[in-house]
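Peer 1: One structure, as structure tokens, below. Some questions next.
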Amino acid sequence: MTRYRPTVVEVDLEAIRHNVRLLKPPGVELLAVVKADGYGHGAAEVARAALEAGATRLGVALVEEGLGLRERGIAAPILVLSELSRGSEKEALAAGLTPSVYTDDGLGGLAEAAGAIGRPVGVHLKVDTGMHRVGRWPPQAAPAFARSIVEAGLVLEGLWTHFAVADEDEAGTREQLRRLLEVRDALRAEGLEPACVHAANSAATIRFPQTHLDLVRPGAAIYGVDPGGGIGPRFGLRPALTWRSAVTMVKRLPVGERLSYGWRYELERDATVATVPVGYADGYRRALGNRAEVLIRGVRHAVAGTVTMDQLLVDCGDREVAVGDEVVLVGAQGDQRITAEELAAHLGTIGYEIVAAIGERVPREHVG
Ligand SMILES: Cc1ncc(COP(=O)(O)O)c(C=O)c1O
Numbered sequence: 005m006t007r008y009r010p011t012v013v014e015v016d017l018e019a020i021r022h023n024v025r026l027l028k029p030p031g032v033e034l035l036a037v038v039k040a041d042g043y044g045h046g047a048a049e050v051a052r053a054a055l056e057a058g059a060t061r062l063g064v065a066l067v068e069e070g071l072g073l074r075e076r077g078i079a080a081p082i083l084v085l086s087e088l089s090r091g092s093e094k095e096a097l098a099a100g101l102t103p104s105v106y107t108d109d110g111l112g113g114l115a116e117a118a119g120a121i122g123r124p125v126g127v128h129l130k131v132d133t134g135m136h137r138v139g140r141w142p143p144q145a146a147p148a149f150a151r152s153i154v155e156a157g158l159v160l161e162g163l164w165t166h167f168a169v170a171d172e173d174e175a176g177t178r179e180q181l182r183r184l185l186e187v188r189d190a191l192r193a194e195g196l197e198p199a200c201v202h203a204a205n206s207a208a209t210i211r212f213p214q215t216h217l218d219l220v221r222p223g224a225a226i227y228g229v230d231p232g233g234g235i236g237p238r239f240g241l242r243p244a245l246t247w248r249s250a251v252t253m254v255k256r257l258p259v260g261e262r263l264s265y266g267w268r269y270e271l272e273r274d275a276t277v278a279t280v281p282v283g284y285a286d287g288y289r290r291a292l293g294n295r296a297e298v299l300i301r302g303v304r305h306a307v308a309g310t311v312t313m314d315q316l317l318v319d320c321g322d323r324e325v326a327v328g329d330e331v332v333l334v335g336a337q338g339d340q341r342i343t344a345e346e347l348a349a350h351l352g353t354i355g356y357e358i359v360a361a362i363g364e365r366v367p368r369e370h371v372g
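Read in order, the letters of the sequence shown are residues 5 to 372 in this note's numbering.
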């Protein structure tokens, strides 16, 4: 479809490759987490770039996401990070998706579907070591469950867990790792040795080499989104995403005029006000009005007044601005940069949510 609106997300695939190369420890596999359309960056394109840079596997949250990657011609192993939705097993296995498993019901559904596939099906047993979202709990119950997996005719290819506090709590992360390794050792004692034991998300990949095991599983960091506390930029990660638009209208308004819905922004002096075609329907949150800044001609300007569904206003003061000028909402312009983390701070959230929430209405363009 022809694009007429100048609003676009540009994703620098060379930044993705750089981040993957930086994150992949020698001798350890890297699974690139590309769920939620690659954290809003475009799953298939990111997956290809990550694989080119040394990733050997991909991770998704949903069967649908895995099938979407297969439709786009991606043949690499894809781990579904939660159990397959009931009813999806046959299609998922036929597409060669690798299931996670942790409940008796889930195992039952898988075993039935695997029987119809006619070739060995490898699965990854997920252990809940303290996150308490999904996974076999308590960890001491995992070895018996592993035996059921094997008895059901499936191949125990992986054993894994997910960290809850790798960005902030070393002792907590060590304890989760200890619980996982206890399961691994118990399995070993029974002669069961999953080829792939894994735990590390982005923060653990960067901060705790002892968690690398057979494979690291970063998401945010491959996009250059900070996993927490500024560790991403300090590690040398490069943000891959630029969200830009362009000025569509410019007005000179007198002191005292108030802007946008609710008239919540009043000009304290005569000012040039620019209109930008980005709104909360694109994922630029309404609460950013009167808080965030954008870049025009390399200068920071305030987002003035309420962000509307499709447009926002910018107070440019006495600076020159013209229709067609580039507006950067996230990313760099001149020597200025607005990070996803900066927007997140205005909203009491994390950079992950900012990039993942950019709407489908905004086209993704891939460069590099
Ligand atoms: C199971 C699992 N592994 C890995 C990741 C990647 O985490 P991060 O983006 O913090 O690296 C996620 C993302 O939330 C996840 O759910």
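Glycine included, each C-beta is placed from N, C-alpha and C at the ideal position. Note that the coordinates shown come from a computational prediction; the quantities given were computed from them, not determined experimentally.
Compute the Euclidean distance between the alpha carbons of LEU85 and VAL280, then round it to the nearest angstrom.
Peer 2: Approximately 38 Å between the Cα atoms of the pair.
Peer 1: If we ignore side chains and look at the alpha-carbon of each, how far apart do ARG21 and GLY260 end up?
Peer 2: Taking the straight line joining both Cα atoms gives about 50 Å.
Peer 1: Label ILE121 either buried or exposed according to how many other C-beta atoms from any shown protein chain fall within 10 Å of its C-beta, with 16 as the threshold for buried.
Peer 2: That one is exposed.
Peer 1: From the DSSP output, which residues share a beta bridge with MET253?
Peer 2: In DSSP, MET253 forms a bridge with THR279.
Peer 1: Keeping to the same chain, check which residues put their C-beta closer than 7 Å to that of ILE153; ignore five residues upstream and five downstream.
Peer 2: Answer for ILE153: VAL105, LEU111, VAL127, LEU129, LEU160, listed in chain order.
Peer 1: By the 10 Å Cβ neighbour count, where 16 or more other Cβ atoms means buried, how is VAL327 classified, buried or exposed?
Peer 2: By the 10 Å Cβ count, VAL327 comes out exposed.
Peer 1: Which first and last residues belong to the beta strand (DSSP E) in which ILE354 is found?
Peer 2: Per DSSP, ILE354 belongs to no beta strand (DSSP E) and is neither H nor E.
Peer 1: Between the Cα of PRO124 and the Cα atoms of GLY91, VAL138, LEU158, which residue gives the shortest distance?
Peer 2: The option with the nearest alpha carbon to PRO124 is LEU158.
Peer 1: For HIS128, write down the residues that DSSP places opposite it in a beta bridge.
Peer 2: According to DSSP, HIS128 bridges with SER104, GLY162.
Peer 1: Nearest by alpha-carbon distance to THR312: which of GLN214, TYR265, THR209, GLN144 is it?
Peer 2: Residue TYR265 is the option with its Cα nearest to THR312.
Peer 1: Can you name the residues that DSSP bridges to ASP319?
Peer 2: Note: ASP319 sits in a beta bridge opposite VAL277, ALA306.
Peer 1: Under a Cβ-count criterion, where at least 16 other Cβ atoms within 10 Å of its own Cβ denotes burial, should GLY372 be classed as buried or exposed?
Peer 2: It counts as exposed.
Peer 1: Please return the same chain residues whose Cβ sits closer than 8 Å to the Cβ of ALA285, not counting the five positions on each side in sequence.
Peer 2: MET313, ASP314, GLY363, ARG365.
Peer 1: Just checking my contact of VAL15 with ARG341 at CB under 8 Å: how many whole Å lie between their CB atoms?
Peer 2: With a Cβ gap of about 16 Å, VAL15 and ARG341 do not count as contacting.
Peer 1: Just checking, does the region 78 to 95 make contact with the region 59 to 68 on the three C-beta pairs under 8 Å criterion?
Peer 2: Short answer: they touch.
Peer 1: Using the C-alpha atoms, what's the distance from LEU101 back to LEU71?
Peer 2: So the alpha carbons of these two residues sit roughly 8 Å apart.
Peer 1: Quick one: is GLY287 buried, meaning 16 or more other Cβ sit within 10 Å of its Cβ, or exposed?
Peer 2: When all chains shown are included, GLY287 counts as buried.
Peer 1: DSSP state of TRP141, grouped into three classes?
Peer 2: Looking at TRP141 - three-state DSSP - the assignment turns out to be coil, as it is neither helix nor strand.
Peer 1: Is the closest heavy atom of ligand 1 to the C-beta of SER92 under 7 Å?
Peer 2: Outside the cutoff, so no.
Peer 1: According to the neighbour-count rule (16 or more other Cβ atoms, all chains shown, within 10 Å of its Cβ), is GLY394 buried or exposed?
Peer 2: Only positions 5 to 372 of the chain appear in the structure, and residue 394 is not among them; the question remains open.
Peer 1: Quick one: is the Cβ of GLY355 within less than 7 Å of any heavy atom of ligand 3?
Peer 2: With respect to ligand 3, the structure shown offers nothing to examine, as its ligands consist of ligand 1.
Peer 1: Looking at the unbroken alpha helix (DSSP H) that takes in LEU73, where does it start and where does it end?
Peer 2: Unbroken alpha helix (DSSP H) run through LEU73: 67 to 75.
Peer 1: Under 7 Å: does the beta carbon of PRO222 sit that close to some heavy atom of ligand 1?
Peer 2: Yes; taking the cut-off as 7 Å, the Cβ of PRO222 has a heavy atom of ligand 1 nearer than that.
Peer 1: Short of 6 Å in beta carbon distance, which residues of its chain neighbour LEU55, apart from the five on each side in sequence? Order them along the chain.
Peer 2: Around LEU55: ALA80.
Peer 1: For the region 195 to 207 against the region 217 to 233, are there 3 or more C-beta pairs whose distance is under 8 Å?
Peer 2: Taking 8 Å as the limit for Cβ pairs, the verdict is that the region 217 to 233 does touch the region 195 to 207.
Peer 1: How is the alpha helix (DSSP H) around GLN180 delimited, first residue to last?
Peer 2: Here the alpha helix (DSSP H) through GLN180 covers 174 to 193.
Peer 1: Restricting to Cα atoms, I'd like to know which of ARG268, ARG238, GLU272, ASP230 is closest to ILE354.
Peer 2: Selected option, being the one with the closest Cα: ASP230.
Peer 1: Please list, in chain order, all residues of the same chain as GLY46 whose beta carbon is under 7 Å from its beta carbon, the five residues on each side excluded.
Peer 2: So the list reads VAL15, ARG368, HIS370, once near-sequence residues are dropped.
Peer 1: Counting C-beta neighbours from all protein chains within 10 Å, is the total for ALA199 16 or more, i.e. buried, or is it exposed?
Peer 2: ALA199 should be labelled exposed.
Peer 1: Using the C-alpha atoms, what's the distance from ALA225 back to VAL334?
Peer 2: Straight-line Cα distance between these residues: approximately 17 Å.
Peer 1: Look up VAL334 in the DSSP assignment and give the residues it is bridged to.
Peer 2: Answer by DSSP bridge pairing, in chain order: TRP247.
Peer 1: For THR133, count neighbouring Cβ atoms within 10 angstroms of its own Cβ and tell me buried if that reaches 16, exposed if not.
Peer 2: Classification of THR133: buried, given that the 10 Å Cβ count is 16 or more.
Peer 1: Which residues bound the alpha helix (DSSP H) around ASP41?
Peer 2: 39 to 43 is the extent of the alpha helix (DSSP H) around ASP41.
Peer 1: With a CB to CB cut of under 6 Å and the five nearest residues on each side skipped, what residues in its chain are close to ARG273?
Peer 2: Contacts found: VAL259.
Peer 1: Take VAL359 and list the residues in its own chain whose beta-carbon comes closer than 8 Å to its own, dropping the five residues that flank it on each side.
Peer 2: Correct list, in chain order: TYR43, GLY44, HIS45, TYR227, VAL229, LEU245, VAL334, ALA344.
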